[in-house]
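Structure first, commentary second.
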Amino acid sequence: MTNTKATMSQASIDDTFVNFDNNNSIENNSDECILDTFRYIGGRRFHNVTDAKYFLPNDNGEVDRLEGQHFLYRHIWQEQKKPPNATFLQANLLDGLPFPDGTFDFVYQRFMASALEESQWRDEVIAELVRVIKPGGWIELMELDIVCPEDINAPTYQRFNRSHFLADRGINGLISSKLKGYLESTNELTNIQCEERSTQIGQWGGRLGEMMCVDLLEGVAACKPALSQFMNITYDEFDSMLQTVRMEVDSSQLCCKTHRQV
1 MTNTKATMSQ ASIDDTFVNF DNNNSIENNS DECILDTFRY IGGRRFHNVT DAKYFLPNDN
61 GEVDRLEGQH FLYRHIWQEQ KKPPNATFLQ ANLLDGLPFP DGTFDFVYQR FMASALEESQ
121 WRDEVIAELV RVIKPGGWIE LMELDIVCPE DINAPTYQRF NRSHFLADRG INGLISSKLK
181 GYLESTNELT NIQCEERSTQ IGQWGGRLGE MMCVDLLEGV AACKPALSQF MNITYDEFDS
241 MLQTVRMEVD SSQLCCKTHR QV
């Protein structure tokens with residue numbers, strides 16, 4: 001969305017973590033032209049250059065492995081120092097951002113669905129983000145649905161959902177569905193685009209699904225002090241429920257929906 005003001009510069013996690021499977025890469029359309037340079041052994045594709053010492057495959061599965069390796073070693077060798085032209089500031093968005101009007105070309109915000117009341121989104125947050133954007137600048141919002149659909153057959157997880165823990169705090173766990181309207185209501189943004197992605201949670205979703213499951217379970221576990229008190233259950237009961245949720249994510253084929261407004 002542009003300010004008359006917000007395109008994306010975020011690499012998605014599914015570009016970072018991939019299944020090492022021969023079928024999940026983009027097919028190489030040039031294969032038909034150079035088949036003579038390939039040979040197949042044990043279902044894997046290798047080069048067919050007799051004097052070359054390279055012995056690893058060169059098929060799509062190997063491309064995926066190398067892509068995962070790239071991000072692995074980029075993490076290992078990452079520098080802990082911030083760039084010299086970067087500064088980190090702590091501020092309370094609801095008190096106003098400590099910047100004058102029209103400061104930034106790009107503002108990015110995510111994972112605030114569990115931190116803000118619906119009225120704060122509508123009456124304060126969006127207006128504050130728009131305020132600090134330059135004319136022609138960009139805003140990007142990314143939020144996930146923090147409640148699951150009512151028709152999902154996951155009784156224990158639904159028990160968490162139906163506890164009204166979020167509603168009691170004025171939080172709308174499906175706030176993403178309303179953000180476009182809030183952005184439009186400013187009358188200062190144009191070309192607002194919305195995207196949605198659904199990610200499988202659990203073993204049925206492969207490696208990415210298992211990572212999503214860990215994120216879900218650890219996120220719910222982090223709420224244990226407040227949520228167990230609100231639901232009037234013991235810590236042991238909470239932990240037992242969480243173990244059941246771990247099984248339900250696969251049996252119910254649970255998914256996580258994320259939304260992006262740009």
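Count the sequence shown with the UniProt record's numbering and you get residues 1 to 262, in order.
Idealized CB from N, CA, C, for every residue including glycine.
Helix, strand or coil: which one does DSSP assign to L144?
Residue state, collapsed to three classes: strand.
Span of the beta strand (DSSP E) holding K257?
Per DSSP, K257 belongs to the beta strand (DSSP E) from 255–261.
Spell out a yes or no on whether the segment 136–149 and the segment 90–106 are touching, meaning 3 or more CB-CB pairs, one atom from each, closer than 8 Å.
Judged by Cβ distances under 8 Å, the segment 136–149 makes contact with the segment 90–106, as three or more pairs qualify.
Please name the residue in T50, Y73, R44 whose C-alpha comes closest to that of P57.
Checking every option, the nearest Cα to that of P57 belongs to R44.
For D236, collect the residues of the same chain with a Cβ closer than 8 Å to its Cβ; drop the 5 residues on either side in sequence, then sort them by chain order.
Same-chain partners within the cutoff: there are none.
Identify whether I76 lies in helix, strand or coil by the three-state DSSP scheme.
Helix.
Over what stretch of residues does the beta strand (DSSP E) that includes Y182 continue unbroken?
Unbroken run through Y182 is the alpha helix (DSSP H), 176–184; no beta strand (DSSP E).
Given 8 Å as the limit, is there contact between the segment 227–247 and the segment 177–197, that is, 3 or more CB pairs closer than that?
As far as the Cβ criterion goes, the segment 227–247 does not touch the segment 177–197, which means the pair count is below three.
Can you list, in chain order, the residues of its chain with a C-beta nearer than 6 Å to that of G102? Leave out the 5 residues immediately preceding and following it.
Excluding five sequence positions before and after G102, the CB atoms of its chain that fall closer than 6 Å to its own CB belong to K134, given in chain order.
Can you check which of these residues, Q200, H259, R162, is closest to V147 by C-alpha distance?
Answer by Cα proximity: R162.
Secondary structure, beta strand (DSSP E): runs of 3+ residues fully inside the UniProt domain "Methyltransferase type 11" (79–139):
Within the UniProt domain "Methyltransferase type 11" (79–139), the complete beta strand (DSSP E) runs of at least 3 residues are 104–110.
Please look up how many angstroms separate the CB atoms of D123 and G202, rounded, as I've assumed it's under 8 Å.
With 8 Å as the limit, D123 and G202 do not qualify as a contact, their Cβ atoms being about 38 Å apart.
Whole-angstrom Cβ separation of V132 and F99, contact assumed at under 8 Å?
Between V132 and F99, the beta carbon gap of about 5 Å places them in contact (Cβ cut-off 8 Å).
Starting from Q200, follow its DSSP beta bridges and name the residues at the other end.
Bridge partners of Q200: C255.
Within a Cβ cutoff of 8 Å, which residues of the same chain sit near M212, ignoring the five residues on either side of it in sequence?
Contacts found: T199, Q200, I201, G202, G205, C256.
In the DSSP assignment, find the beta strand (DSSP E) that holds F46 and state where it starts and stops.
F46 -> beta strand (DSSP E) spans 44–47.
Given L129, which residues of its chain have a CB within under 7 Å of its CB, disregarding the five upstream and five downstream residues?
Answer for L129: V107, Q109, I139, listed in chain order.
Quick one: Cα of H70 to Cα of I76, how far?
Roughly 10 Å between the two C-alpha positions.
Excluding sequence positions up to five away, which residues of its chain have a Cβ less than 8 Å from the Cβ of L227?
The residues F160, S163, F165, V220, F238, in chain order, have a CB closer than 8 Å to that of L227 in the same chain once the five nearest residues on each side in sequence are set aside.
The alpha helix (DSSP H) enclosing Y40, as first and last residue numbers:
Careful: Y40 lies outside any alpha helix (DSSP H), inside the beta strand (DSSP E) at 38–41.
Looking only at DSSP bridge pairs, what is C223 linked to?
For C223, DSSP records no beta bridge to any residue.
State the beta-bridge partners of T156 as determined by DSSP.
When DSSP reads this structure, T156 sits in no beta bridge, so it has no partner.
Residues bridged to E195 [DSSP beta-bridge criterion]
E195 is bridged to R260.
Inter-residue spacing [alpha-carbon to alpha-carbon] between A113 and L93:
Each residue's Cα considered, the two are about 14 Å apart.
Alpha-carbon to alpha-carbon, E67 and Q261:
Roughly 28 Å between the two C-alpha positions.
Other residues of its chain near L97: CB distance less than 7 Å, five sequence neighbours each side excluded:
These residues qualify, in order along the chain: A91, E128, V132.
Quick check: the Cα distance between R169 and L208, rounded to an integer number of angstroms?
Rounded to the nearest whole angstrom, the C-alpha separation of R169 and L208 is 31 Å.
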